[in-house]
Structure formats: C-alpha cells, structure tokens
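S.K.: The opening residue of the sequence shown carries number 33 in this note's numbering; numbering runs sequentially from there.
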Amino acid sequence: MMQLHLIESDKIYKEILETPIEKRDELFKQKLLVPFIKKFKKQHISFDENIPFNVMTLMSFMHKMPKDLVEEDISSINSFDENFWKNITNAFYHSIETFTSKGIKLPVKDYYLTALLGNPNSPMMAINENYSGDGGIPGYIFLSLVPNDYTINRIPSAVAHECNHNIRYQFIEWGKGSLKEMIVSEGLAENFAEKMYGKENIGPWVTKNTLDTLNQVIKPIIKENLSIDNMQEAMSYLYGDEITKMQGGKSVGLPYASGYTCGYYLIKYYLQKTGLTIEEATLKTADEILSEVNEFWTEISYF
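1. Using DSSP with H/G/I as helix, E/B as strand and the rest coil, what is F68?
2. For D241, does the three-state DSSP call read helix, strand or coil?
3. Kindly identify the DSSP beta-bridge partner or partners of E146.
4. Specify the secondary structure class of S78 as computed by DSSP and reduced to three states.
5. Buried or exposed: which applies to S108, given that a residue is buried once 16 or more other Cβ atoms fall within 10 Å of its Cβ?
6. Can you tell me where the beta strand (DSSP E) holding S3 begins and where it ends?
7. Select from A190, D142, Y143 the residue whose C-alpha is nearest the C-alpha of E161.
8. What's the gap between the Cα of I187 and the Cα of Y163?
9. Are the beta-carbon atoms belonging to F60 and I48 less than 8 Å from one another?
10. Thinking L211 and I250 are a contact (beta carbons under 8 Å), I'd like their distance in whole angstroms, please.
11. State the beta-bridge partners of N86 as determined by DSSP.
12. Based on Cα-Cα distance, which residue from Y288, L286, D42 lies nearest to L101?
13. Output the boundary residues of the alpha helix (DSSP H) element that contains E320.
14. Taking the alpha helix (DSSP H) that G281 belongs to, which residues open and close that run?
15. Counting C-beta neighbours from all protein chains within 10 Å, is the total for F328 16 or more, i.e. buried, or is it exposed?
16. Which same chain residues end up closer than 8 Å to E324 when comparing Cβ atoms and leaving out the 5 residues on each side of it in sequence?
17. Counting along the chain, where does the alpha helix (DSSP H) carrying G295 start and finish?
18. Strictly under 8 Å for the Cβ-Cβ distance: is E327 near chain D by that measure?
19. Which stretch, first to last residue, makes up the alpha helix (DSSP H) that contains P287?
20. Let me confirm a value: T314 is counted as buried when at least 16 other C-beta atoms fall within 10 Å, else exposed. Which label applies?
21. I think Y271 touches A289, with their Cβ atoms under 8 Å apart; what is that distance to the nearest whole Å?
22. Could you tell me whether the Cβ atoms of L138 and T146 are closer together than 8 Å?
23. Mind the definition here: the segment 212–225 touches the segment 282–296 only if three or more C-beta pairs lie below 8 Å; say whether that holds.
24. Just reading off the alpha helix (DSSP H) that V216 is part of, what are its end residues?
25. Looking only at its own chain, which residues have a Cβ that is under 8 Å from the Cβ of I253, when we skip the five neighbours before and after it?
26. Measuring straight from C-alpha to C-alpha, what distance separates V238 and K227?
27. Only counting runs of 3 or more residues, tell me where the beta strand (DSSP E) segments fall wholly within the segment 87–154, in order along the chain.
28. Could you spell out the range, first to last residue, of the alpha helix (DSSP H) harbouring K251?
29. If you drop the 5 nearest sequence neighbours on each side, which residues of the same chain put their C-beta closer than 6 Å to that of Y172?
30. Would you mind reading off the limits of the alpha helix (DSSP H) that contains K55?
31. Considering L270, what are the terminal residues of the alpha helix (DSSP H) in which it resides?
32. May I ask whether a heavy atom of the ligand FMN can be found less than 7 Å away from the beta carbon of F93?
33. Quick one: is P98 buried, meaning 16 or more other Cβ sit within 10 Å of its Cβ, or exposed?
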C-alpha cells in the first residue's frame with residue numbers, strides 16, 4: 033500500500049531556532065535531510081562535511097541555511113501551517129491517483145516529501161520567482177520556496193510537476209542526462225501540472241519566454257544540440273545562460289529556462305498530434321516522443 037511520509041519542516045525550523053549555532057547543521061541534516069539520504073546517494077551527493085561539494089553546499093545555493101535562521105524568520109516558518117501541508121498532501125494524492133486510476137501500477141510505495149525555506153537573497157531563487165522543486169528520484173520530493181501569497185498558491189502545481197517526474201522515472205531510464213530526455217521530461221511535467229491546476233499556474237520557466245523567442249531563438253539552437261548525451265553539457269541548454277553563468281558555466285546563447293519552454297510546447301504539440309493523454313505520454317521514451325514531432329522544429333508555434 034502506498035504511503036506518503038510528509039516531513040513538516042516548520043516544526044524542525046522552530047527547533048533549529050532554539051538550538052545553538054554550532055549544533056544547527058547537524059540537527060538540520062538529521063531531521064530534514066537524512067530521510068532523503070537514498071536520493072542523495074543516487075545523485076552521488078555526500079553528507080561528509082570534509083568533501084568540498086556536499087549536501088549542505090548544495091542546499092546553500094537556494095535555501096535559508098540553519099546558521100542564518102533568526103527570530104524574524106518565524107513569520108515565514110509559520111507560513112508552513114496546517115493548511116499548507118494539507119494542500120501539499122492533497123496535490124500529491126491527486127497527482128498520483130490521476131495515474132493509478134488509469135490502471136498504471138507504481139512500483140514505488142513509499143514517498144518522502146518536504147518543503148524548505150528558500151533564501152530571498154539567492155539569485156537562483158529569484159530567477160525562478162522564488163519557488164522550485166526537485167522530484168527526479170522516485171520516492172523523494174523537495175519543494176523550495178520563499179513563502180508569500182504567490183509562491184504558496186503555486187505549490188500545488190509544483191507538486192504535480194514533481195510527481196510527474198517521480199512517476200516517469202519509475203518506468204523510464206534517466207541514462208546519462210541527455211538533452212532530449214531533459215526537455216521531454218520537463219515538458220511532460222509542466223503539461224501535467226497545467227492539466228491539474230490550469231494554465232494560470234504554469235511556471236515562469238515557460239511564461240517568461242515569448243513565442244517569438246521560442247520560434248526564432250530557442251528551437252533552432254536546441255534542435256542543433258539534441259545529440260548532447262551528458263547532463264553537464266545539457267544543463268546549459270535546459271536552464272539558459274543566466275543560470276548557467278550563476279553556476280560558473282559557459283553561455284550557449286539561450287535565455288532563461290529555454291529547455292523547459294521548448295519542452296512544454298513540444299509536448300503540447302505531441303499530445304495534439306497523437307491524441308494521447310499526458311499520463312500515457314509520461315511513460316513514453318524521449319526517442320518515441322521525438323520521432324513523432326519532426327515538424328515541430330520548423331513549424332511556427334502559436335499556441
């Protein structure tokens with residue numbers, strides 16, 4: 033039987049606030065990160081603080097870190113209230129049941145989910161309009177946000193997006209992180225989120241780029257580079273130049289979240305052409321999907 037292990041981080045953040053600075057990191061790791069240790073192991077991210085790039089280094093890119101929490105953060109922490117967790121839980125079960133109700137049996141039975149406080153001074157948070165998620169490893173979902181009315185209202189659609197990734201990778205091999213897999217998976221996830229929570233809740237990773245930019249800039253460059261088959265190189269095309277520069281990478285001539293935008297419209301085109309549902313499409317390989325949409329690259333997208 034499927035079980036959601038919801039880790040209500042507000043209680044842990046309040047405990048951290050009452051803990052001496054030197055003991056905070058360990059408490060944060062034990063209470064909030066250890067439940068996700070299998071996810072981090074799969075991603076080769078260490079908990080060993082003697083390794084330069086470890087789990088806390090990763091967390092520091094976008095999140096409020098334990099040592100930086102102050103009493104003024106209590107209002108943000110209190111935003112993670114009973115209603116917040118209820119909405120997350122409902123969005124999770126609603127997303128999962130959309131698949132299982134169609135006879136899709138999910139191999140993973142235990143799911144761990146939490147929400148982390150985003151750092152309002154993080155450029156990575158700001159460019160994503162202060163919310164994001166991480167659900168690429170089946171059984172584990174992180175949500176990250178700087179709490180405000182806008183981000184809290186977007187959380188159900190973010191849950192749906194990450195659930196789609198979670199379900200896809202129970203059936204499809206991630207491989208080495210090819211560009212085609214990345215754009216297809218992000219397109220599937222955002223189309224699923226749109227189905228669940230409406231066009232008005234599509235993320236900035238789609239809405240910040242115009243159709244002119246998609247047709248004239250994004251599609252030609254991504255089409256030329258679809259053969260990239262490693263995550264390190266592909267990420268520049270997925271995220272675009274602004275985020276690539278933040279991560280110390282080299283520009284490729286693409287705006288913010290180009291791969292997400294491209295994937296969103298590519299999957300929309302695929303669904304219209306094939307008549308498949310988003311749930312059926314989620315279980316298709318990137319090659320199966322791309323083989324059906326050759327004309328997408330040269331047609332002008334207008335929807």
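The beta-carbon is built from N, C-alpha and C at its ideal position, and this holds for glycine as well. Computed from a predicted model, the values in this text were never measured in an experiment.
M.R.: For this structure:
1. For F68, the three-state secondary structure derived from DSSP is helix.
2. In the sequence as displayed, the identity of residue 241 is Asn instead of Asp. Reduced to three states, the DSSP call for N241 is coil.
3. A small fix is needed here, since residue 146 is Thr in this sequence, not Glu. According to DSSP, which records beta bridges pairwise, T146 is partnered with I39, F174.
4. Looking at S78 - three-state DSSP - the assignment turns out to be strand.
5. So S108 counts as buried.
6. Limits of the chain in this structure are 33 at one end and 335 at the other, which puts residue 3 out of reach.
7. Per the Cα distances, A190.
8. Going from the Cα of I187 to the Cα of Y163 covers about 8 Å.
9. Contact: yes.
10. About 12 Å; that fails the 8 Å criterion.
11. Bridge partners of N86: S78.
12. Here the closest residue by C-alpha is D42.
13. E320 -> alpha helix (DSSP H) spans 318–322.
14. Counting along the chain, G281 sits inside no alpha helix (DSSP H), nor does DSSP assign it H or E at all.
15. Label assigned to F328: buried.
16. Take E324, set aside five residues on each side of it, and the residues of its chain with a beta-carbon closer than 8 Å to its own are Y302, K305, T306, in chain order.
17. From DSSP, the alpha helix (DSSP H) with G295 extends over 290–306.
18. No chain D appears in the structure shown, which is made up of a single protein chain.
19. Taken as a continuous stretch (DSSP letters only), P287 belongs to no alpha helix (DSSP H), as it is neither H nor E.
20. Answer is buried; the Cβ neighbour count reaches 16.
21. Contact holds; Cβ gap of about 6 Å.
22. Result no, Cβ atoms of L138 and T146 do not sit closer than 8 Å.
23. By the Cβ criterion, the segment 212–225 is in contact with the segment 282–296, since at least three pairs of Cβ atoms, one from each stretch, lie closer than 8 Å.
24. That run of the alpha helix (DSSP H) goes 211–229.
25. So the qualifying residues of the chain are Y269, V284, G285, L286, S290.
26. As the crow flies, the alpha-carbon of V238 is around 15 Å from that of K227.
27. Here the runs fully enclosed are 142–149.
28. Counting along the chain, the alpha helix (DSSP H) containing K251 begins and ends at 251–256.
29. If you ignore the 5 residues before and after Y172, its C-beta comes within less than 6 Å of the C-beta of F68, K71, Y144, all in its own chain and listed in chain order.
30. Counting along the chain, K55 sits inside the alpha helix (DSSP H) bounded by residues 53–60.
31. First-last of the alpha helix (DSSP H) with L270: 263–271.
32. This structure simply doesn't include the ligand FMN, nor any ligand for that matter.
33. By the neighbour-count rule (16 or more Cβ atoms within 10 Å), P98 is buried.
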